[in-house]
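Residue numbers (our numbering): 5 to 496. Here a beta-carbon is modelled for each residue, glycine too, at the ideal position from N, C-alpha and C. Since the model is a prediction, treat every value here as computed from it, not as a measurement.
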C-alpha cells in the first residue's frame, strides 16, 4: 500500500462535514495535496483506465466479495481505492504482488458510539443484538467519506446496501454510483421495487406476509421465507436497526445508484497462502478417509447457533455415524457473553470419526478435497456456490438474513435438503439432523440431490463467463464515466 494512501487515512480521522482538514498544519496539507496529485498523475498516465472507490458494509460476508470484485477489476488494469476500517483491512487476505500497485487500502477510523466495544469494527465482532450500534457508527462515517470523495475524485463509487447516505453525497460531486449486490437476484426481487419501501407502500406488515410469493412475482414459485425465519428478523428488516431499517437502507441505496450489478462469487483459493501447518494437519486427516464420505460442517463467519441448536447439531452428527469435519465458532466477539459449548463427552465419543476445529480453516481447500462429499451449511451464497463448484452435496440449515430464501430456492430446484424444523420457533432435534445427513450423503432417497448438484456443477464452471460478466460491467462503467475537474490545494 502506498505511503501517501496511509497518510490520507489518518488525516480522514480529523475531517468533519465541512472538510476542516484544510485548516490543519502545512505539512498535513502537503501530504493531502501530494496524494490527490498522485491520483491525478496516475489517471493521466492511462486516461482510459478507471479509478473506482469501493465501500462495503462492515461484515466479512460483504468485505470479501467486494475485495474479490476489486481483484477482478484490477486485473483489467483499473485502480481501486478499497475503503474500510483499520482492523477489517488487517484481517483481509494479502493481495497478490501483481495487484498491490492497483489496489490501495484506505483505512478509516470508526467513530466511537455508545454501547459499541472499542475493538468491534465488523459484525463478526458482535453478538446479533449489538450490530445496530455498528450501523450507527457506520452512518457517522458520512462526513469522512464525503471528504474522501472530494479529495480523490474517483470515476465511480461501488456501494453496498448499508450506505444509503453515500449516493446523494456523490451526486453533489458528479460522481456516479454502482450498487454491487452480495444478495441473490431472487432476494432482491422478493424484497420488491424500491418505491414500495421509500413511499411506505409495502403491503407486508407482519412476519406471516413474507411466507408466500410477493404479488409482483408473475410466475408460480415456492420460494419464500419460513415463519420462524421472519419471526427472528422481522424487526431488524422492517424497523430501525440503528438509524433506519435495513429495508430502507437497501431501497435508498439502490434508488440512488446509476446501475446495479450481481456477479457470481469467485472460487479462487489464494494459491500458496493456504500451504500452512493448519492445512497440512487437516489434509493428513482427510487423506485417510474414503472418497466422498466426509461431511464438512460450516456456518460461515456471521452465523453462530445458540446453545440448544449447537447441542442438537452435535448429537445429530454423532447419531449419523458419518465422518465429519466441523469448523466451529463459539463466540461472536468479546462482547458475546453466550459462549456455546459442545455436549459433555462429545469429542471423546467421536474421536477418530470426527474433528472439531475452533480456529480458522481454509474452506476452499477442504471443499476441493476428494474425501469431502457434502456440506452442512447455513446457506450463505458464497458457501453454496463454492460447494457446488466442487460438486459437494448440500444439507441445508439456514439461520439469518437472506439464507432462508437461498435454502428455499435450493430446495425448489432439488439441489439440497433442509433439516426439518418447528415452523414457529425454528427448533430442530438430533434425529432430524441425522436423518438429513444420511439422506443426502448415503441413502438412495437422496440420489436426486446428489445428481442435481452434479448437473449444476457443470453449469457453474463459469471462469470464462465470469470474465465476460466483469468485462461487460467495466464497459458500462467506462462508457458512463463523467467529466470531472481536479483542483490541487494552493500549497503546491
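Open item on the list: Let me check understanding here. Comparing Cα to Cα, which of 307, 442, 434 and 361 lies closest to residue 398?
Closed with: 442
Task: Own chain partners of residue 276 with C-beta closer than 7 Å, once the 5 adjacent residues on each side are dropped - done: Model confidence at residue 276 stands at a pLDDT of 40, short of 50, so the residue's coordinates are unreliable and nothing is read from them.
- [ ] Please go through the same chain and pick out, in chain order, the residues whose beta-carbon is closer than 6 Å to the beta-carbon of residue 101, but skip the five residues on each side of it.
- [x] none
- [ ] Quick one: residues in its chain with C-beta nearer than 6 Å to the C-beta of residue 83, no 5 flanking neighbours on either side, listed in chain order?
- [x] 55 and 106
Open item on the list: Quick check on residue 425: does DSSP put it in helix, strand or coil?
Closed with: coil
- [ ] Tell me, please, whether the stretch 332–341 touches the stretch 416–426 by the rule of three or more beta-carbon pairs shorter than 8 Å.
- [x] no
Open item on the list: Quick check: the Cα distance between residue 347 and residue 137, rounded to an integer number of angstroms?
Closed with: 33 Å
Open item on the list: Rounded to the nearest angstrom, what separates residue 25 and residue 145 at their Cα positions?
Closed with: Because the pLDDT at residue 25 is just 35, under 50, the model does not fix this residue reliably, and the point stays unresolved.
Task: Per-residue DSSP class, three states only, for residue 117 - done: coil
TODO: Could you spell out where the beta strand (DSSP E) holding residue 55 opens and where it closes?
DONE: 55–59
TODO: Could you give the DSSP three-state label for residue 354: helix, strand or coil?
DONE: coil
Task: Coil, strand or helix - residue 95 by DSSP - done: helix
Open item on the list: Contact defined as beta carbons within less than 8 Å: I believe residue 161 pairs with residue 141. What is the distance between those atoms, to the nearest angstrom?
Closed with: Actually they do not touch by this definition, with Cβ atoms about 20 Å apart.
Open item on the list: Quick check on residue 215: does DSSP put it in helix, strand or coil?
Closed with: helix
Open item on the list: Residues in the same chain with beta-carbon distance under 7 Å from residue 192, minus the five sequence neighbours each way, listed in chain order, please.
Closed with: 185
Task: residue 463 burial status per 10 Å Cβ neighbour count (16 or more: buried) - done: exposed
TODO: Closer than 7 Å by C-beta to residue 253: which residues in its own chain qualify, once you throw out the five before and the five after it? Chain order, please.
DONE: 165, 166 and 168
- [ ] Whole angstroms is fine: what's the gap from residue 210's alpha carbon to residue 238's?
- [x] 8 Å
Open item on the list: Can you check which of these residues, 233, 79 and 179, is closest to residue 155 by C-alpha distance?
Closed with: 179
Open item on the list: Do residue 396 and residue 377 count as a contact pair if the criterion is CB distance below 8 Å?
Closed with: yes
Open item on the list: For a test of the three-state rule: what should DSSP assign to residue 304, helix, strand or coil?
Closed with: coil
TODO: Indicate the three-state DSSP secondary structure (helix, strand or coil) for residue 225 in the structure shown.
DONE: coil
- [ ] Could you check how far apart the C-beta atoms of residue 227 and residue 416 are, in whole angstroms? I think they sit under 8 Å.
- [x] 6 Å
Task: Residues of its chain near residue 64, where Cβ-Cβ distance is below 7 Å and the 5 sequence neighbours each way are ignored - done: 126, 128 and 305
Task: Anticipated Cβ contact below 8 Å, residue 301 with residue 330, distance rounded - done: 4 Å
- [ ] Kindly indicate which three-state DSSP category residue 481 falls into: helix, strand or coil?
- [x] helix
Open item on the list: Rounded to the nearest angstrom, what separates residue 172 and residue 394 at their Cα positions?
Closed with: 42 Å
Open item on the list: Just to confirm my understanding: we take residue 72, look at its own chain, exclude 5 residues before and 5 after, and list those with CB closer than 6 Å. What are they?
Closed with: 270
- [ ] Return helix, strand or coil for residue 169, following the three-state DSSP convention.
- [x] coil
TODO: Rounded to whole angstroms, what's the CA-CA distance from residue 481 to residue 285? Just pull it up for me.
DONE: 45 Å
Open item on the list: Going by DSSP in three states, residue 209 sits in which element: helix, strand or coil?
Closed with: coil
Open item on the list: What would DSSP say about residue 108, mapped onto helix, strand or coil?
Closed with: strand
Open item on the list: Let me confirm a value: residue 148 is counted as buried when at least 16 other C-beta atoms fall within 10 Å, else exposed. Which label applies?
Closed with: buried
Open item on the list: Quick check: residue 262 and residue 190, are their CB atoms within less than 8 Å of each other?
Closed with: no
Task: Beta-carbon proximity of residue 388 to residue 381, cut-off 8 Å - done: yes
TODO: Quick one: grab the DSSP three-state call for residue 387.
DONE: helix
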